[in-house]
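There are 2 protein chains.
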Amino acid sequence: MADKLTPRSEDYSKWYNEIVQRAELADYSPVRGSMVIRPYGYALWENVQAGLDRRFKATGHQNAYFPLFIPMSFLQKEKEHVEGFAPELAVVTHAGGEQLEEPLVVRPTSETIIGYMYAQWVKSYRDLPILINLWNNVVRWELRTRLFLRTAEFLWQEGHTAHATAEEAEAETRRMLDVYTDFAVNDAAIPVIPGRKSESEKFAGAVRSYTIEAMMGDKKALQSGTSHFFGQNFAKAFEIKFLGKNNELEFVWTTSWGLSTRMIGGIIMVHGDDQGLKLPPKLAPIQAIIVPIFKNDADQSKVMPVVESVRKQLSDSIRVKVDDREETPGFKFNDWEMRGVPLRIEVGPKEVDTGTVVLARRDLPGMEGRSFVPRVGMVEAVRSSLATIQSDMLKCATEFRDANTHEPKSYDEFKAIVEDGFARAWWCGDRQCEAEIKEETKATTRCIPLEQPGGSGVCIHCGKPAQEEAIFAKAY
Amino acid sequence: MADKLTPRSEDYSKWYNEIVQRAELADYSPVRGSMVIRPYGYALWENVQAGLDRRFKATGHQNAYFPLFIPMSFLQKEKEHVEGFAPELAVVTHAGGEQLEEPLVVRPTSETIIGYMYAQWVKSYRDLPILINLWNNVVRWELRTRLFLRTAEFLWQEGHTAHATAEEAEAETRRMLDVYTDFAVNDAAIPVIPGRKSESEKFAGAVRSYTIEAMMGDKKALQSGTSHFFGQNFAKAFEIKFLGKNNELEFVWTTSWGLSTRMIGGIIMVHGDDQGLKLPPKLAPIQAIIVPIFKNDADQSKVMPVVESVRKQLSDSIRVKVDDREETPGFKFNDWEMRGVPLRIEVGPKEVDTGTVVLARRDLPGMEGRSFVPRVGMVEAVRSSLATIQSDMLKCATEFRDANTHEPKSYDEFKAIVEDGFARAWWCGDRQCEAEIKEETKATTRCIPLEQPGGSGVCIHCGKPAQEEAIFAKAY
């Protein structure tokens, strides 16, 4: 911990890895590509879970659990699905000391086994919709991995719903995209662009995929949550049929939507700076850290009872902690800045005498973020400061994103823009055109934003007529 | 749903399976031995989790996540551990389209990979204790499986701690046994006997294992949670060393403790009856179900606004739901009895006129459990009724357990007792004696209770001197 963090501007990737490890969010595990999520990182994930779970339940969803293992034959029932996932599968061939008759896949995602079960459960339109979410672990054998961003095993939620009509299923797909957008913007303080994935970027087996795309601190994009409309693809593969009101057997319409521990990588990369992590108050495991300041025993006896009283006052409504380690205040300041705690509360002999505390904001440098607050009425001041930090962090990230998003007039301009930001441009929607752009610039279509200017234009690459604008960027 | 449930007394095993499926707690999956936990069962599990998680955090533990896959070589580092788990392992041999150099085991429990990581993290006595808990899924390839009770994959929590001294580690092991006891008794309304496992029944790799043992409705025992003191076994296998205050390198002392979805099987079997499930209010996903009662449209318009007002009044402090399905009240009564909802609230035209509601307790038959309560002050009456149900369920289970626990005077008496209950008897502690009892009676030592009468006696089987009493029973 003695060394200074590698500056973000010097080596973004190194900076990221150092933060993850020094803030004790996660660690490398002895199994290639798998990570250990340490208590501080897991507490952050628990807050992500709570923020999402509350929204899922408010929109009528229930949690459930489906098996980790899926028979290999299930994956093969939906052609595009198996093509997409086959290269990344981990396969159990032996169990209980014997070779299995049929190999079992460790779930990369659960559409297939859920399709099988929904086919048993759904009989009539009265059984619909089914609105289920799972919190679990999945495995996709990735070759190049990064803590949180791309790991062979990751934690996520996967929602799986079945509906009587295409309209209902499409509405669900969009509703859950809205839930992700709301969570990202209001809890994670990450401005995201909700949009549709191009044909080549959509989920294996989906009719339409939607995504929320965020700009990281190095101006690359991170796909942060996705929501898929499957039409009747999985319903037909698994024979999920229901007796409609008209007394005829019909296939259901299904959706799925997922958000993973990758979001934590996004939070680090959007908000972090050269001092370390910077957590949005709504998700921070510790919202305020109280640092007692004293130089001798007399001051310590004077300060500590006030520190305890401050902690007690705050602990009902704030996630607060006292740092009573035997270290210098300077060490503690640096340590909690590294760990991204939004607010530091200092209590020294002077504060005790004047009946105040010092509030120091993590998101503002030095004196700019410091204020003296009377202990009377302090709870309100702390809450208000946390709310301001939350909204300022969103504002800051939005300004950065907007300052680095451009609308190219020519393909040459386009190429320059995607070197260092997002390009928003008219695009023909053609798969071949998209592949050429990727080949030439390494930028991909991140999404076709839901918000469109209207009218039509000319494709930025091939010059053919274009009905929609797309966001292009290099991506994680 | 039309058929009546198989009576508990007629075929306990069939009764159990029917409840699990009809109450929609869980379903069989297409993967042998794995189960699907349906929303109602999962909501019950979420309440179990919340009850335990709160207690874990109150005793200073933090949650974290460790990888699903463990290198085969890790398991082999602790001799007894690998011997115990080898026959039950599921093994990943291929991933990403290639054969792995070293097979990966799907975790049956995480001592080994955690031992490896703790060895990286622990440097000095200042890093101790480590108090970490995981909520995850594990796989043990069982041949004979039962929904919740014994499944190839199950959900659980596993706590793993490391300490500077043996005394601290032993105290932690016992503290967590107390936490399990407190949860079982006060939340699940299951009286349990906390005790030590015999040498042959202890966890593979443990110095001492503790357990809470409960009596099911068929008078068989269920091991419902275990807590293990490992001494320095895993510390030595994984070289978890720390620099002590005396500046010398020492091995840490570790513990682990776990409670699984098996607890749900216990809740079903302890409390359930011929009408179905009977859930303790503290864990019930729905604590009170409101059933509107009307025969015509006029009554419906009269009743429904009151039903909604009752729901609203209760919903702040009670998990409450209105059953507004187009079914008869009789159907609904049976359905919610099957699902074990502790309290039914009936609102019909008569209740509207008299400003009352009917409360009907799930745990008391017919008129005995019915009372009329004024709507004014109803919230308090409902809360009080739920508290009474909670304590009466514990009382009922305790009386049943005690009425079926006997102290045999002879081995012949012993044999008769374990045919249909628990035997509490002096036991010599000898492994061979224990094996003979098991061979002859199918009863095993469930535990050596922490509470002992003191003094000494004569072994119920071999007649040798005995220092402790043990509980013997047939077990799940």
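In order, the protein sequences belong to chains A and B. Counting along the first sequence from 1, when you hit position 175 you're at 175 in our numbering, and nothing is skipped either side. So the mapping is simple: our numbering equals the position in the second sequence, first residue as 1, plus 476. We put the CB at the ideal spot given by N, CA and C, even for glycine. This structure is a prediction, so every number in the text was calculated from the model and none was measured.
Inset, instruction - Please list the segments of the alpha helix (DSSP H) lying wholly inside the region 837-924 of chain B, counting only runs of 4 or more residues, in order along the chain. - result: Secondary structure remark: continuous alpha helix (DSSP H) runs of at least 4 residues inside the region 837-924 of chain B, in chain order: 854-879, 887-894 and 907-917.
Inset, instruction - Could you check what DSSP says for G491/B in three-state terms: helix, strand or coil? - result: Here residue 491/B refers to the residue found at position 15 of the second sequence. Per the sequence shown, residue 491/B should be read as Trp rather than Gly. Here W491/B sits in helix by DSSP.
Inset, instruction - Just the C-alpha distance for I37/A and N137/A, rounded to the nearest angstrom, thanks. - result: As a working mapping, residue 37/A is identified with position 37 in the first sequence. As a working mapping, residue 137/A is identified with position 137 in the first sequence. I37/A and N137/A: Cα-Cα distance of roughly 12 Å.
Inset, instruction - Please name the residue or residues paired with Q699/B in a DSSP beta bridge. - result: In the second sequence, residue 699/B corresponds to position 223, counting from 1. DSSP lists E689/B as the beta-bridge partner residues of Q699/B.
Inset, instruction - Less than 8 Å between the CB atoms is what I'm expecting for P756/B and Q866/B, so what's the real figure, rounded? - result: As a working mapping, residue 756/B is identified with position 280 in the second sequence. As a working mapping, residue 866/B is identified with position 390 in the second sequence. Taking 8 Å as the upper bound for CB-CB distance, P756/B and Q866/B are in contact here, some 6 Å apart.
Legend entry - Same chain, Cβ closer than 8 Å to Y516/B, five either side skipped, listed in chain order: On the second sequence, residue 516/B is found 40 positions in, with the first residue counted as 1. Cβ neighbours of Y516/B beyond the five flanking positions: A499, E500, L501, P761 and R815.
Legend entry - Inter-residue Cα distance where the pair is C662/B and V782/B: Position 186 of the second sequence, counting from 1, holds the residue named residue 662/B. Position 306 of the second sequence, counting from 1, holds the residue named residue 782/B. What sits at residue 662/B in the sequence shown is Asn, not Cys. Taking the straight line joining both Cα atoms gives about 34 Å.
Inset, instruction - Kindly list, in the order they appear in chain A, the residues whose Cβ is closer than 7 Å to that of R514/B. - result: Translated into the one-based positions of the second sequence, residue 514/B becomes position 38. By Cβ distance, chain A contributes A64.
Legend entry - Alpha carbon of L128/A to alpha carbon of E784/B, nearest angstrom: In the first sequence, residue 128/A corresponds to position 128, counting from 1. In the second sequence, residue 784/B corresponds to position 308, counting from 1. Cα to Cα, the separation comes out at about 24 Å.
Legend entry - Close beta carbons around R310/A, own chain, < 8 Å, minus the five adjacent residues each side: Translated into positions along the first sequence, residue 310/A becomes position 310. Checking the sequence shown, residue 310/A turns out to be Val, not Arg. Excluding residues within five positions, the ones whose Cβ falls inside 8 Å are I290, I345, V347, V357, R375 and M378.
Legend entry - Endpoints, alpha helix (DSSP H) assigned at K57/A: Taking the first residue of the first sequence as 1, we reach residue 57/A at position 57. Residues P39 to A58.
Legend entry - Min CB distance E111/A to chain B below 8 Å: For this step, residue 111/A is matched to residue 111 along the first sequence. No, because no Cβ of chain B sits closer than 8 Å to the Cβ of E111/A.
Legend entry - Interface flag, S793/B vs chain A, CB-CB below 8 Å: Sequence index remark: in the second sequence, residue 793/B carries index 317 (1-based). Among the CB atoms of chain A, none fall inside 8 Å of the CB of S793/B.
Legend entry - Coil, strand or helix - L131/A by DSSP: As a first step, residue 131/A must be located in the first sequence, where it is residue number 131. Judged by DSSP in its simplified three-state form, L131/A adopts strand.
Inset, instruction - Determine the chain A residues that contact W617/B at a beta-carbon separation under 7 Å, and present them in chain order. - result: Walking along the second sequence from the start, residue 617/B turns up at place 141. Neighbours of W617/B on chain A, chain order: A95 and G96.
Legend entry - CB-CB length for K673/B against T687/B, believed under 8 Å: Counted from its first residue, the second sequence places residue 673/B at position 197. Counted from its first residue, the second sequence places residue 687/B at position 211. 5 Å between Cβ atoms; contact.
Inset, instruction - Kindly indicate if chain A contains any beta-carbon less than 8 Å away from that of D503/B. - result: Taking the second sequence and counting its residues from 1, one reaches residue 503/B at position 27. So, interface residue.
Legend entry - Integer Cβ distance of H704/B from A873/B, believed to fall under 8 Å: For the purposes of this step, residue 704/B is taken as residue 228 along the second sequence, with counting starting at 1. For the purposes of this step, residue 873/B is taken as residue 397 along the second sequence, with counting starting at 1. Actually they do not touch by this definition, with Cβ atoms about 26 Å apart.
Legend entry - chain A contact for N493/B (CB, 8 Å cutoff): Walking along the second sequence from the start, residue 493/B turns up at place 17. Using a CB distance cut-off of 8 Å, N493/B does not count as an interface residue toward chain A.
Legend entry - chain E within 8 Å of S736/B, Cβ atoms only: No chain E is present in this structure, whose protein chains are A and B.
Legend entry - Counted within 10 angstroms of its Cβ, other Cβ atoms place S505/B as buried (16 or more) or exposed: One-based indexing of the second sequence puts residue 505/B at position 29. With 16 or more Cβ atoms within 10 Å of its Cβ, S505/B is classed as buried.
Legend entry - 8 Å Cβ cutoff met for V106/A and L100/A: Numbered from its first residue, the first sequence carries residue 106/A at position 106. Numbered from its first residue, the first sequence carries residue 100/A at position 100. No. Outside cutoff.
Inset, instruction - With 8 Å as the threshold, decide whether the Cβ of M1/A is near any Cβ in chain B. - result: Numbered from its first residue, the first sequence carries residue 1/A at position 1. Below a pLDDT of 50, predicted positions are generally treated as unreliable, and M1/A, at 45, falls in that range; the measurement from the model is reported next regardless. At a cut-off of 8 Å, the C-beta of M1/A has no neighbouring C-beta in chain B.
Inset, instruction - Would you mind working out which of I740/B, R530/B, D750/B and N723/B sits nearest S485/B, comparing C-alpha positions? - result: Numbered from 1 along the second sequence, position 9 holds the residue referred to as residue 485/B. Measuring from the Cα of S485/B, the nearest candidate turns out to be D750/B.
Inset, instruction - Verify the CB distance criterion: does V728/B have a CB-CB separation below 8 Å to chain A? - result: As a working note, residue 728/B is residue 252 in the second sequence. Under the Cβ criterion of 8 Å, V728/B is not counted among the residues facing chain A.
Inset, instruction - Measure from the C-beta of V92/A to each C-beta in chain B and report whether the shortest distance is under 8 Å. - result: For the purposes of this step, residue 92/A is taken as the residue at position 92 of the first sequence. By this cut-off, V92/A is an interface position.
Legend entry - Buried or exposed by the 16-neighbour rule on C-beta atoms within 10 Å, applied to F848/B: Residue 848/B sits at position 372 when you count from the first residue of the second sequence. Flag for F848/B reads exposed.
Inset, instruction - Determine, using beta carbons only, whether M338/A comes closer than 8 Å to chain B. - result: Sequence index remark: in the first sequence, residue 338/A carries index 338 (1-based). False, the Cβ-Cβ gap to chain B never drops below 8 Å.
Inset, instruction - Find the residues of chain A that neighbour P605/B, judging by a C-beta separation of less than 7 Å, and give them in chain order. - result: As a position in the second sequence, residue 605/B is number 129, starting the count at 1. In chain order: nothing, as chain A lies at least about 13 Å away.
Legend entry - Segment contact flag, the region 676-686 of chain B with the region 525-537 of chain B, C-beta cutoff 8 Å, min 3 pairs: No: fewer than three Cβ pairs fall under 8 Å.
Legend entry - Below-8 Å beta-carbon distance, V507/B vs any chain A residue: Position 31 of the second sequence, counted from the first residue, corresponds to residue 507/B. Chain A places a beta carbon closer than 8 Å to that of V507/B, counting this residue as a contact.
Inset, instruction - Using a threshold of 8 Å, state whether the C-beta atoms of N233/A and L134/A are closer than that. - result: Taking the first residue of the first sequence as position 1, residue 233/A is located at position 233. Taking the first residue of the first sequence as position 1, residue 134/A is located at position 134. For the 8 Å CB-CB criterion, N233/A and L134/A do not form a contact.
Legend entry - Three-pair Cβ contact test at 8 Å for the region 142-162 of chain A versus the region 255-264 of chain A: Counting C-beta pairs with one atom in each stretch, the region 142-162 of chain A and the region 255-264 of chain A have three or more that are closer than 8 Å, which means they touch.
Legend entry - Contacting residues, own chain, Cβ-Cβ under 6 Å from F532/B (five flanking each side not counted): Translated into positions along the second sequence, residue 532/B becomes position 56. If you ignore the 5 residues before and after F532/B, its C-beta comes within less than 6 Å of the C-beta of N609, all in its own chain and listed in chain order.
Legend entry - Neighbour flag for L52/A against chain B, beta carbons, 8 Å: Here residue 52/A refers to the residue found at position 52 of the first sequence. Residue-level contact check: L52/A does not touch chain B, since none of the beta carbons of chain B fall below 8 Å from its beta carbon.
Legend entry - Expected contact under 8 Å - CB spacing of P465/A and C433/A to nearest Å: Along the first sequence, read from residue 1 onward, the residue named residue 465/A stands at position 465. Along the first sequence, read from residue 1 onward, the residue named residue 433/A stands at position 433. Going by Cβ atoms, the distance from P465/A to C433/A rounds to 12 Å, so no, they are not a contact pair.
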